[in-house]
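First comes the structure, then the notes that go with it.
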Amino acid sequence: MAFETIRREREKLLVFLDRAPDLILDDAASQGFISETEYNDLDKLQSSKEKMRKLLVKIQRKGEETCQQFLEGVRSLFPDLPPALWPPASTCSPSGCSDQKCNPPPAEAASEKNEPENPDLVVSFPLNGSKSSEACSPTGCSDQNCNPPPAEAASEKNEPENPDLVASFPLNGNKNSEKNVPTTEEPEVEIMEVDHPDGTVKSFLRKLGLSKQSRRKLTMGEILEIDSESLKTMVPQTLEDLPWHFLRKLMALNGTARNTSLVSKVEEALDQGDNKEDELFTLSEMNTGVSVNPLDVLCAILLSSDSFLQQEILLKMSMCQFALPLILPPLETPKCTFMLWAMRDIVRKWRPHSLAESRSFREENVVLISMPTISFVRMGTCTLSKSKLLNEVLSSPQHHHDFFVHRDVDCGNVAREISNGLVEVSWYFPGGRENSALFPEPVAITNLRGDIESHWMQFSLLTEVSSAVFIFVENISESEYNMLSTLQKLASKCYFVLNTEGGKSKEALGFLNKLAPVLNLNRSQLLMKEKKQNITEFVKKLRSAMSNIVCSHQKVVNMEEMASVSRELGIEIDEDAHDCQNGTLHAKEIVEEIEDVANYKKEMLKLQGDLWRNVAKVEKELCRMKGQADIPTEDYKSQLREKRIQLRIQQNQCDLTNGITKFINGIQHLCPVEKHFFLKWMKFRLDHVARANLLRLREEYKEKCRTTRDNTWQLKQLDELISISSLGVEHFMRELGQFYEAEYMMVNEGKMSQSQRQFVQLPRIAADLMLEGFPIELIDGDASNIPLQWVTDVLNELHVKLGGKSRMQVLTVLGVQSTGKSTLLNTMFGLQFAVSSGRCTRGAFMTLLRVTENLQQEIGCDFVLVIDTEGLKAPELAKLEDSYEHDNELATLVIGLSDITIVNLAMENATEMKDILQIVVHAFLRMEDIGHKPKCQFVHQNVSDVSAHDQNMRDRKHLLEQLNEMTKAAARMEKQYREVSFSDIMDYDPEKDNWYIPGLWHGVPPMAPVNLGYSESVSELKRYLFDFMRISSQNRFSKDIPHFVEWVKSLWNAVKHENFIFSFRNSLVADAYNQLSVKYSEWEWDFRKEIYLWVSKADTSIQNHSLEELEADVLDKLKLEASHRLDAGEQKLLQCIQSYFESGGESLPLIEKYKEDFIRSAKLLRNHLENYSVTKCQETILIRKGQGKIDNLQAKYLSIIERKVKKLLEECKERECNLNSEELKWEFEKTWKEILEELPATTLTHRKIHAEVFYQLRKDLESRGSLANQIFQELINSSGHSGTHFIMKREYIEMSIVRRVKGIFKDYLGELEIATMSLTEMCRNYVSKKVSLKGDYDETYCRELLRIINQELQEKDFQRLHITICFVVDVKYHILKEAADCFQKMHDAFYRANNLHQRLENLKHNYFSIFQDLYYEKDACQKRARDFCDVCLKPALVEYLNKRLGIDIVDDFLSSGQSIHYGSRSFFQFTVQKKLLEDENFGDYVKYINQYEQFVKFWIEANLLDHFGQRQDLAVLEREILSAVIKKIKEAVESCAKETVTLPEFLECFCHEMSEELVISKDSLDVILFNNTAKVGPFSADVLDFISEVMEIILAEQFEMNVDTILQNISFKPQDEIFKRVFGCGKQCPFCKVPCEAGGGSHQEHFASVHRPQGLGRYRCADTEKLVYSLCSSDVTSNGNFRNWDTNQQWHPYKEYRQYYPDWRIQPDVSITASDYWKFVFNKYNQQFAKEYKALPADLPEDWKRITKQQALGSIQEAFNMNE
């Protein structure tokens, strides 16, 4: 054996090999004995002997056959090779053979894998028609032309049961077999088949100029390299031009790539030829000798390409809808090659009929799609072209396409030289339209080139994997019949296509009839092409047969399964190469761990998740300082820096996950080819996982939408999962970048030494990848940030690897998402930016393209850097409020980096186009500021008309006008007050810089090829761009990588610092803000309620303290306790805000900028509640101290009374006769009267409050002069005639101002009235609060009132109205007189309640009752218990109910159905305005506009009364409150009864237990204890029996009162609390008086959703007295002016209104209909408003008058985002 010869004679063989080692190595590589990688490895060895020794080892590993062929080659090179080193002689069958020309056994028979179980049955066939081969049949043969049996006979799998029946057929068309293969060209045959003996392939490659590529394969880098030839539109003139013509056209997706005709000068020669005028026109046959068949060119190119270029070639062919090579014939190697790897990158989308209704689709890699396969082959010669017929079958009626090359295409009739035996595959994918789809499911169509007799191996494979095989025949010979007879156990179904035009159809039919029983044929399996039958009819017939096969659900296979069958048949698989297998093993280890993409990214790619996003936020916040609040700038920056470091520390502390470790090993330790395979496999497998994940999530989302429409939370969760379901190599690279960044910062911050670094090599690896053509991420699209250090170091490493020669031109593309930006770049440069479903570009990626040396000098650069960006206005980002800012950042950055910017515009959407242009113009304007003017090309896609350029001349002019206007607007926004046009900021020529490109597809996908017009237009654009580079290279500074890095740094820093002016206002923002306001209102009420309840308990506790305890540190203790509760409540509220913003809600980024407002509001609320709680405690202590003195005096008197009553009791009992009740009562009354007469008079004095108040007012007016005193005296004298309503007078405003501004006083007198009412209401609230304390009047109350009035009169609202002294005196008198009335009633009530004699008189009845029981010696235990419940507990319970009821009413009201109306100020405004519209009451509108505060209070009170209109609802609350405290009372009674012995101890214990809930009168308790001898047990039991009855009595008494009375009685006013919730800051728009809707209590800016005509706010024209109808929301965007008292009546531009009103943000209306509500109201009540405001009606526009009530309602629904 050859293997043994090498092993035995190794040293001798090495002597000969060492003579010409390089020649031997080259020959071994060219023959395919070793791979390219093995060749390169061996070539690097220095020692020639070592080189040859290792070569022999590799040859031996290839097997016996390779050893045999290698030794034959060595023998031919060295004639002096000794016989001992010759290859062993071929052995024949046992019987031997003497024929020298007999063919050798096939490779399968020689391989160990395919050796049959019974060696006696081995049959020998010719393998490659080699002249030198020898073969024998089992019985021996002397016939020189004997044919061997087919290949299947040699394979174990296909061995026939009876070997004697196996017929012999030629396998590869031996030249000596004239019977089977024609030797002359026949015009009727499909294509001439030319055999290629040894050397034919090499000679063909040499003919095409590809001989060098037999050893060094073409690579993607060489094809993508930009040279001058690739920029020309040259047509091939020589055969050497054909491969490059094919590749360049194919990379540009040009459908003419397969054309192989050459352009010659024949026509010129004829014109200048032999001057025979009479023979100008001659008949001559076309000379095809100088042309080659397109399939030969394809095979030659694939043979000369490496695996990755092969893959790209097939991908581009697939996009062009070219049939792909499935099996390459045995060219370089003795075996056929199955092109599995080459098809790995092809992904197709389709919609089977089963999904047509749901409109779903499927997307998968073609090698993984299981589908029926239908094969088409021919036997013998046939005039009917099966390839042409298949094109008709697969083409739609509207669009014919040549999927397969056939005889009628360009050079398709040229005889094939090397492509016989090629099997092509094409697919049909349905588009979901049942009426136009050819087949309901995907179908694979294979086509064998050549006769099946000559290519039995390929035919065998097709019969194994196909559902059906269509055999084209015209004539069947006896030998062909014998061959077909062997197919009786065929795995697939055979169909015969008989062409009757061949002339021998009768003989063929005869053989077919004989075959029918053998092959189980039926009539449907014979399709006859009749002479008179046209091709269309026959195509229908063929399609019908194919449809039946597809619908019969026969076997389906995918390409991987086909490859397995091929492997068993001895066909090589391109994927079985060592490098490829090593790459897939490494990739598989990573990807097989991925089950759920989202979870995998979260667990395995930790650094790029929340940590990286938070780093990005902190980095931007360092520049923008949006959340600084009140923190000093440097302190805040320090905090942010520290936060950034901590985040990086967290990143650095993360361990390398298993997946990342394996990925690093893959890209770091594998050789370049294996690494390339590894990354490719990663891409394929990750895409497959992501597609499956995405399909599952989409189907689940669709199902949820269908079944659970209201469950928005689940849909939102699914939507988020879909948005993060993509996973690619870029995510792994991004993780490496984050590891590098974190480690880099650790070193910079001194937290790690340089020697401890473990990721320092990563930038080098990334630079290598970039050099190899892989895109590298520039901007992280998920975090909207640049990992600046990572990008910098990667690019710097790249610069080093390039030896400093890195001059570059940067080309970028911008446009709306999914408008074909990536496809445009891929087509233009042959790149591979992701374009598949679910893989839209996020952020920006950069790819480096090398420029050849011959072009570098011309265009002034060594490389072109192409930057592909994510789409602007992406739907997933539209929910974010700063998405427009994000788009501006992206546009500014990439335009700033680029030399040429392509703006991709889809012509379907003019609005989007305008938005994109706006972004682009603004970015270019900023570039102009820094001296950078990039070239801009506008690409208008989907414009197919040939006259588009001329037809759109007007459009280009209009576009330029728009661009100029946008430039001017952008300049103004950037505060550049100069004339500037679009051409000033960039190089722009409307004629040259606008491109109209047809749509990508010619027809309807998925079966549509790429539009030829698209490809040619993109190529033309590419040529123009490089022409521009060439022209401008002399005047342009060409930046290299270091310069580019600096540009990246400076631009990114500028972008982070800049607050972009462009922003938008949409419903998402309003809705998000309202939702936060609703939540904040809930949290605020929880905080308030907690403090209110604590204050209520503190109030109760204070009233239960003694004077001695109050004199101690009770207040300090209460302040401390309040502080703790306030701190806890504030922290809880702040935590709620923080948690809300960290909850991950999709709308949260919309309102991030408002977070600080709500945090400030929380702190302000805390301060307010602290004020409230401390003040309440102080007031209660003050009142309690006042009452305590009286209580002490009363206690002293009660002791006297009790002593005398006891003495009276003793005296009455000592009498001999018993007294009856009347006598007893008389005795008690007499004694009681004597006791009271003996007591001193009361210490309280009844005061005249009015006199005291007016005295305070007179002192206040002393500083105002005698006129003020005179006016005040007149008011005193006429006080009996003054009314309760304050009437406005002309003299209240300075007449000098009235004369200066004609007619203006009417307006401002009304404003003065509104301000006065507001002041009056403020003072009333103050008085009401003091009265509610139920204490005595204090003169400080009057002084505080005067302070409030004086302070308000100094405010702008009054000062700008120029009020007179008359007004000041009148308003003070009016307010203080009203207050004095209230204070007098307050004092009278206090006097009555605290008059000592009166209080004692109130106790007389109780004492007499006890006295009477004691005298008659009754068991008074039960009665005393009832008295305790009635006298002590009942008043305490009523007081407790009144304290708690208000809080619970608010709780109930806000948790009811009406809660949404009070959830936020915007919701409240909508509710009120809607109700006003429904009621159509003009008076309500006037109050709403002019007396907003009073209106809101009235509205709330009315709603409360309406809400509790059913008295039972309030009764339920009352019962709940009392039941809770009764339960505590019972628990306290039971507890104290167990712990005490005497009744005084019991009652003291009980009062202590309930000291925080109930205030029990000490007087009443003293009465209960007076001479009480009851036992604790019976007494407590009786109390428990009576207490429930007491509760029912209280509830019954409460039920008798109406809701209005109860609201007045309770101490906590619910209407006031709800008012605080919706009233907000109370500020109104300075123009139209619309109330502010901002949430929280400490917002920095006031705003309103919708503004109203200014006339409704009393504005009128000074000249005409007519109400003004302009809208301030429109005015602020106009060039109009305004004037008022704030501007000192000077005109001021509306656009600069913030100069006077800096705290108001008046936004333009969201739409032109947003203000229709107030337009409708103004129009409806124009006359009434004029009369009310003492003005003339406004001259309203006509369109206002056409607004309907329904439109008005719709406008506020839109404005408040409340569509119902």
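Residue 514 is where the sequence shown starts when you use my numbering, and the numbers rise one by one after that.
The beta-carbon is built from N, C-alpha and C at its ideal position, and this holds for glycine as well.
Open item on the list: Between the alpha carbons of Lys1470 and Pro1503, how many angstroms are there, rounded?
Closed with: 7 Å
- [ ] Using alpha carbons as the reference points, say which of Pro847, Tyr1904, Pro838 and Glu845 lies closest to Ile853.
- [x] Contrary to the premise, residue 853 reads as Leu rather than Ile in this sequence. Among Pro847, Tyr1904, Pro838 and Glu845, the Cα nearest to that of Leu853 belongs to Pro838.
Task: Minimum C-alpha distance to Glu1747 - residue among Phe2112, Tyr1501 and Lys1917 - done: Lys1917
Open item on the list: On the criterion of 16 or more Cβ atoms from any shown chain inside 10 Å, does Cys1184 qualify as buried, or is it exposed?
Closed with: exposed
- [ ] Figure out for me which residue from Gln573, Gly1328, His1066 and Leu731 has the closest Cα to the Cα of Gln956.
- [x] Per the sequence shown, residue 956 should be read as Val rather than Gln. Of Gln573, Gly1328, His1066 and Leu731, the residue nearest in Cα terms is His1066.
Task: Ser611 in three-state terms, based on DSSP - done: For Ser611, the pLDDT reaches just 37, beneath the cut-off of 50, and the residue's location in the model is therefore unreliable, although a value from the coordinates is still provided. Three-state DSSP puts Ser611 in coil, outside helix and strand.
Task: Coil, strand or helix - Val1329 by DSSP - done: strand
- [ ] Would you mind working out which of Leu1368, Leu868, Gly1384 and Gly2168 sits nearest Asp740, comparing C-alpha positions?
- [x] Leu1368
TODO: State the beta-bridge partners of Asn1012 as determined by DSSP.
DONE: Lys1042
Open item on the list: Which of the three DSSP states is assigned to Thr959 in this structure?
Closed with: strand
Task: Contact the segment 1319-1331 vs the segment 1276-1284: 3+ CB pairs below 8 Å - done: no
- [ ] Output the distance between the C-alpha atoms of Glu977 and Met1075, rounded to the nearest integer angstrom.
- [x] 9 Å
TODO: Kindly confirm or deny that the segment 2202-2211 and the segment 2250-2264 touch, where touching means at least three C-beta pairs closer than 8 Å.
DONE: no
Open item on the list: What does the Cβ neighbour count give for Arg1905, buried or exposed, with the cut at 16 atoms within 10 Å?
Closed with: exposed
TODO: Quick one: using the 10 Å Cβ neighbour count with 16 as the cut-off for buried, is Trp1739 buried or exposed?
DONE: exposed
Task: Delimiting residues of the beta strand (DSSP E) encompassing Ser716 - done: No beta strand (DSSP E) holds Ser716; the alpha helix (DSSP H) holding it covers Thr713 to Lys720.
Open item on the list: Among the candidates Asn1907, Cys1007, Val1434 and Asp1500, whose CA atom is the shortest distance from the CA of Ile1413?
Closed with: Asp1500
- [ ] Determine the DSSP secondary structure at Leu1169, reduced to helix, strand or coil.
- [x] coil
Task: Distance, Ile1086 Cα to Val805 Cα - done: 27 Å
Open item on the list: Tell me the rounded alpha-carbon separation between Glu1020 and Phe851.
Closed with: 37 Å
Open item on the list: According to DSSP, simplified to helix, strand and coil, what is Ala680?
Closed with: Annotation note: pLDDT 33 at Ala680 (below 50); position unreliable, no value reported.
Open item on the list: Do Ser998 and Cys812 have their beta-carbon atoms positioned less than 8 Å apart in this structure?
Closed with: no
- [ ] Tell me, to the nearest whole angstrom, how far the beta carbon of Phe1896 is from that of Tyr1839; I am working on the premise that it is less than 8 Å.
- [x] Actually they do not touch by this definition, with Cβ atoms about 11 Å apart.
Task: Beta-carbon gap between Leu2056 and Val2089 smaller than 8 Å - done: yes
TODO: Give the range of the alpha helix (DSSP H) segment to which Leu1291 is assigned.
DONE: Per DSSP, Leu1291 belongs to no alpha helix (DSSP H); it is in the beta strand (DSSP E), Ile1289 to Asp1293.
Task: Glu1085 - partner residues in DSSP beta bridges - done: Thr850
Task: Three-state secondary structure assigned by DSSP to Val2181 - done: coil
- [ ] Just confirm the distance between the C-beta atoms of Ala1203 and Ser1236, as a whole number of angstroms; I'd bet it's less than 8 Å.
- [x] The Cβ separation is near 12 Å, so there is no contact.
Task: Residues bridged to His888 [DSSP beta-bridge criterion] - done: Residue 888 is actually Ser in this sequence, not His. Its beta-bridge partners are Thr959 and Val982.
- [ ] Measure the C-alpha to C-alpha separation of Phe1671 and Thr1984 and round it to an integer number of angstroms.
- [x] 24 Å
Open item on the list: Applying the 10 Å Cβ sphere with the 16-neighbour rule, what's the burial state of Ile1429?
Closed with: buried
Task: Minimum C-alpha distance to Ala1419 - residue among Gly1512, Thr2200, Ala2243 and Tyr2182 - done: Gly1512
Task: One or two residues paired with Asn1298 in a DSSP bridge - done: Asp1293
TODO: Confirm, please, whether the CB-CB distance from Leu775 to Pro749 is below 8 Å.
DONE: yes
- [ ] Determine the burial state of Ser1969: buried for a count of at least 16 other Cβ atoms within 10 Å of its Cβ, exposed for fewer.
- [x] exposed
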